[in-house]
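Counting from 1, position 78 in the sequence shown corresponds to residue 78 in the working numbering; the numbering is continuous, with no gaps. All C-beta atoms, glycine included, are put in the ideal place defined by N, C-alpha and C.
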Amino acid sequence: ALLVVCDQAKAGDKEDVLATWNAVKAAWVIGDIDAAQKHASAEFKSFEADGSLLSPLDFEGAKAAFAAGLKFNVQSAHSEVTVYGDAAILTEYHTRQLTPPGGTLVSMTLRATIVFVKQKGQWKGVHAHFSHLTPKNPE
Numbered sequence: 001a002l003l004v005v006c007d008q009a010k011a012g013d014k015e016d017v018l019a020t021w022n023a024v025k026a027a028w029v030i031g032d033i034d035a036a037q038k039h040a041s042a043e044f045k046s047f048e049a050d051g052s053l054l055s056p057l058d059f060e061g062a063k064a065a066f067a068a069g070l071k072f073n074v075q076s077a078h079s080e081v082t083v084y085g086d087a088a089i090l091t092e093y094h095t096r097q098l099t100p101p102g103g104t105l106v107s108m109t110l111r112a113t114i115v116f117v118k119q120k121g122q123w124k125g126v127h128a129h130f131s132h133l134t135p136k137n138p139e
């Protein structure tokens, strides 16, 4: 006999993933890196839009940048979540505005893919990939 088990998404999982991601973005906007880090797994790594190699996020460097005056904002568009049991993929377009300490505003529109895994009942980011979008304004 062959037994096939399909792990279905549980009610509310999509909304929980989206709420987690929104909490991460809100924390970054106000510079609360500790709050953002709570939603990332210890193994979190990303490909950033600058073309850098796969690497862990430098949370301590981010804290120092905000302490020095970094300003950050992000707006999301067309966010979609697909859940596969205890894993989920969130895709969206987002516009980031960064003002480095003593610098000038830099604005970019990006494609974003974030992978979440449910760990001990909580959705945690485990991987993200950001790349520039052309054209700049998704319809």
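| Check | Outcome |
| --- | --- |
| What residues are listed by DSSP as bridge partners for GLU80? | THR91 |
| Could you tell me the boundaries of the alpha helix (DSSP H) in which GLY61 lies? | 59-67 |
| What is the DSSP secondary structure of GLU48, reduced to helix, strand or coil? | coil |
| Near LYS71, which residues of its chain fall below 6 Å by C-beta distance, leaving aside the five closest residues on each side in sequence? | THR99 |
| Can you give me the start and stop residues for the beta strand (DSSP E) that ALA128 sits inside? | 122-132 |
| If we count the other Cβ atoms within 10 Å of its Cβ and call it buried at 16 or more, is SER52 buried or exposed? | exposed |
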